[in-house]
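Let me begin by presenting the structure, written as structure tokens, before commenting on it.
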Amino acid sequence: MRVFLALIAFLISLSFSQEVLRLGAAVSFSGKYAKEGELLKRGYELWKERVNARGGIKVGNKRYRVEIIYYDDQSDPKTTAKLVEKLITQDKVRFILGPYGSAQVFAAAGVVEKYRALMVQGGGASSKIYRQGYRHVFGVFNIAPDYGKNLIDLAVSLKPRPKTVAIIYEKDIFSEDAARGALEEAKKKGLKVVLFEGYPKGTQDLSSLMLKIRTKRPDVVIGAGHFKDSVLVIKQLKQFRINPKFVGLTVGPPVPAFVKALGKDAEYVFGPVQWSRAFRYKDPLFGSTEGYVKAYRERYGEDPEYHAAGGTAAALALQIAIERAGSLDVEKVRKELLSMKVETFYGVIGFDKTGKIVTKPMAVIQIQGGKPVTVYPFREAEPVYPKPEWK
Amino acid sequence: MDLLLQLLLEAILLGTFYAFLSLGFSLTWGVLNILNLAYGSLVVLGSYLAYSLFNAVGVDPIVSLPISFAVGFVLGLLLQVSFVNRVIKLEPFMVLILTFGLDILISHTLNYFFKADIRSIDVPYAEGSFIVGNLIVSEVKLLVFLLSLILTALLFLFLRFTWTGRAIRAVALDVEGARLVGISPERVFALTMGIGTGVAFLSGNLYGILQGFTPFDGGLLTVKAFLVSVLGGLGRVESALFGGLLLGTMEIFVSFYAGESWKLFASLVLMILVLIFRPRGLMGGKYYGEA
Chain B
341 MRVFLALIAF
351 LISLSFSQEV
361 LRLGAAVSFS
371 GKYAKEGELL
381 KRGYELWKER
391 VNARGGIKVG
401 NKRYRVEIIY
411 YDDQSDPKTT
421 AKLVEKLITQ
431 DKVRFILGPY
441 GSAQVFAAAG
451 VVEKYRALMV
461 QGGGASSKIY
471 RQGYRHVFGV
481 FNIAPDYGKN
491 LIDLAVSLKP
501 RPKTVAIIYE
511 KDIFSEDAAR
521 GALEEAKKKG
531 LKVVLFEGYP
541 KGTQDLSSLM
551 LKIRTKRPDV
561 VIGAGHFKDS
571 VLVIKQLKQF
581 RINPKFVGLT
591 VGPPVPAFVK
601 ALGKDAEYVF
611 GPVQWSRAFR
621 YKDPLFGSTE
631 GYVKAYRERY
641 GEDPEYHAAG
651 GTAAALALQI
661 AIERAGSLDV
671 EKVRKELLSM
681 KVETFYGVIG
691 FDKTGKIVTK
701 PMAVIQIQGG
711 KPVTVYPFRE
721 AEPVYPKPEW
731 K
Chain A
11 MDLLLQLLLE
21 AILLGTFYAF
31 LSLGFSLTWG
41 VLNILNLAYG
51 SLVVLGSYLA
61 YSLFNAVGVD
71 PIVSLPISFA
81 VGFVLGLLLQ
91 VSFVNRVIKL
101 EPFMVLILTF
111 GLDILISHTL
121 NYFFKADIRS
131 IDVPYAEGSF
141 IVGNLIVSEV
151 KLLVFLLSLI
161 LTALLFLFLR
171 FTWTGRAIRA
181 VALDVEGARL
191 VGISPERVFA
201 LTMGIGTGVA
211 FLSGNLYGIL
221 QGFTPFDGGL
231 LTVKAFLVSV
241 LGGLGRVESA
251 LFGGLLLGTM
261 EIFVSFYAGE
271 SWKLFASLVL
281 MILVLIFRPR
291 GLMGGKYYGE
301 A
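Chains as they are written, first to last, in our numbering: chain B, 341 to 731; chain A, 11 to 301.
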């Protein structure tokens, strides 16, 4: 009898409890991209908590509480692909939040497309992701060539105008794209490219590249790589006493860990950002960019930067599409993503038919006084240029 | 001209480290006649030991050198007594498989505890550089160079002038002969493995100071140790120095003039050429025994 009552009580409680919408993400918690992966997860988590606090995602008349299943892809694209497959086939997840890193996103995209699931990602910026004709993959990051392009655009807008540039890059799809973006823009703007050279992934000593840069004495040095590369580039530029007027790195400068790792040597380094807290937009979930920054600060005790914001924005775009579709049908949600053009804390989100975002600007920050400040195209502060010599 | 001198300087600094790195490998090869495929992973293990001592206990990576050697020595002894001695009399393949397995075990254990993140031991007093004439000298490279040189010299003197060193060379030259004059080859084998692994740990310690590392650097380091041993020949400490400098020069010049990506390719081509035309190495005598 008791068991029977308990069972009834359990069933009743079930019928009152909310239904759950499970999303899945394979993100790097270890390996090369552990840092960025953790930030991305923070972005997802902040969105999830905010949505659940508000009563969950509204689909038609029902409200779904959000849960996110995370797996660690160890920064290895092959692992990402396996884990995304597991999410879709075993965990029965239909909506995937993207991994961090272009190669990882690229690997995940193939799987998502194969199973006709849907992925919105804020972790991969390679243009290659959008050249495959995939229909089920959307991204909120400006594509990689914009990273290099924006740095050059800022450099040539400064006085005295720089004349020569050296571009070095890590050989992975994102960094190579970013470097090419810089190369093309530099040529277009009449800068002389004195060095354009890649180095293999995982290289931990750039001495020979540094010697080359040292002999060419460029005004501008652009480094395209990931976090660890950026730290290495700055350390070795200093070690080899190379003093260009402008140092721009595609990844690294906006992350607080960059300043922590380099201290004073991080000063005046430029870096492009997908998003900056200097943006001023309205937002349906957080009220505004300011509101988002405040919520993030309350939750994590530090200011958000673009990795986390990208994660939140990707999840937010998915949420808006689902709510507008009023359905959990992948095809209907996809149609809403294609037609959306909505203002969020992150900028206006709208996609072209390949799935990449086309409605939002990109900014450049400079480290000043140990903090990244936005100097382009919105100016939180005046850019410091030419860069003072290493101390 | 300045540029050439600068490149040569870089080559010498790096090459000397490679020479020391390869000593443990070539010693066990020369004396025990085994190829230790786990060598690189043992080096990386040494890097993580120094890293942990530095970050958890605050031991300076130079101060931790003797600790590295001691730990490596004991580990080497244990490995020899408990594993290698059991298979060394069987087919040579068995030792290869054993050390190959060991390599996987070590790198994945490190990955389990430390994750795949790139770690580095940052000594604040050697981050900068100084200028001599038109040359720029990185302090950390100079530091590693000097330490490598001192340690190489110590090993040389040990092998040359101590009774134990002589016993090791005797066994390398002729196991049966050594037995006849009262040397126990088994004990010398264990001792050599201990010293070899100790040297691996020492060079791991230096490697950690020199650059960032991950649990999976071992394979490449084994290749480098192998290259140096093959290039110089398995003869003497001097051959390792020669092989190390050759590899260092090769790497520096190829990565400067052809690009970083061609480094490994060029080294391997050089190795193949040496194996075809001078299979005993460019300077090799017969094992460590010949004076």
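We treat Cβ as the ideally placed atom computed from N, Cα and C, and that holds for glycine.
No experiment lies behind these values; they were computed from the predicted model shown.
Query	Result
Tell me the start and end of each unbroken beta strand (DSSP E) in the stretch 672-721 of chain B that is at least 3 residues and wholly inside, in chain order.	682-684, 687-689, 703-708, 711-716
What residues from chain A crowd round residue 555(B), counting only those whose CB sits closer than 7 Å?	13
Name the DSSP beta bridge partners of residue 504(B), please?	532(B)
According to DSSP, what are the bridge partners of residue 148(A)?	139(A)
Would you say residue 284(A) reaches chain B, if we count a Cβ-Cβ gap shorter than 7 Å as a contact?	no
In whole angstroms, what separates the C-alpha of residue 285(A) from that of residue 114(A)?	27 Å
Can you list, in chain order, the residues of its chain with a C-beta nearer than 8 Å to that of residue 151(A)? Leave out the 5 residues immediately preceding and following it.	20, 23, 24, 220
Starting from residue 563(B), trace the alpha helix (DSSP H) both ways and give me its first and last residue.	Where residue 563(B) is concerned, there is no enclosing alpha helix (DSSP H), although the beta strand (DSSP E) it sits in stretches over 560-564.
Under 7 Å, do residue 139(A) and residue 130(A) count as touching if we go by C-beta distance?	no
Write down the C-beta distance between residue 409(B) and residue 388(B) rounded to the nearest angstrom, noting that I regard them as a contact closer than 8 Å.	Wrong, their Cβ atoms sit about 11 Å apart, outside the cutoff.
Interface residues of chain A around residue 519(B) at Cβ under 9 Å?	The contacting residues do not exist; residue 519(B) stays about 14 Å from chain A at best.
Whole angstroms are fine: how far does the CA of residue 276(A) sit from the CA of residue 380(B)?	40 Å
For residue 617(B), count the other beta carbons within 10 Å of its own beta carbon; 16 or more makes it buried, fewer makes it exposed. Which is it?	buried
Kindly identify the DSSP beta-bridge partner or partners of residue 365(B).	410(B)
Determine the chain B residues that contact residue 269(A) at a beta-carbon separation under 7 Å, and present them in chain order.	537
Which residue spans inside the stretch 231-297 of chain A form an unbroken alpha helix (DSSP H) run of at least 4?	247-267, 273-287
Output needed for residue 269(A): all residues of its chain with C-beta closer than 8 Å, excluding positions within five of it in sequence on either side, in chain order.	none
Measure the Cβ-Cβ separation of residue 242(A) and residue 291(A) and say whether it is below 7 Å.	yes
Under 7 Å between C-beta atoms, does residue 356(B) make it to chain A?	Residue confidence is low: residue 356(B) scores 49 on pLDDT, short of 50, so the model does not pin down where it sits. No coordinate-derived value is stated.
Which residues share a DSSP beta bridge with residue 628(B)?	622(B)
Determine, using beta carbons only, whether residue 540(B) comes closer than 7 Å to chain A.	yes
In three-state DSSP terms, what is residue 636(B)?	helix
In terms of DSSP beta bridges, what is residue 521(B) paired with?	Paired residue(s): none; residue 521(B) is not in a bridge.
Against chain A, with Cβ distances strictly below 7 Å, would residue 374(B) count as a contact?	yes
Could you say if the stretch 590-605 of chain B and the stretch 388-405 of chain B meet the contact criterion of at least three C-beta pairs nearer than 8 Å?	no
Within the 7 Å Cβ cut-off, does residue 90(A) reach chain B?	no
Grouping DSSP H, G and I as helix and E and B as strand, with all else coil, what is residue 71(A)?	coil
Let me confirm a value: residue 376(B) is counted as buried when at least 16 other C-beta atoms fall within 10 Å, else exposed. Which label applies?	buried
How about residue 210(A) and residue 40(A): are their beta carbons less than 7 Å apart?	no
Using only the alpha-carbon positions, how far apart do residue 558(B) and residue 510(B) sit?	19 Å
CA-CA distance, residue 361(B) and residue 260(A)?	58 Å
Output the residue ranges of the alpha helix (DSSP H) runs that lie fully inside the stretch 13-93 of chain A and measure 4 residues or longer, sorted by chain position.	49-62, 75-89
I need the straight-line Cα distance from residue 283(A) to residue 231(A), nearest angstrom please.	20 Å
Please state the DSSP three-state secondary structure of residue 424(B).	helix
Which residues, taken in chain order from the stretch 101-114 of chain A, show a beta carbon closer than 8 Å to some beta carbon of chain B?	none
Three-state secondary structure (DSSP) at residue 642(B)?	coil
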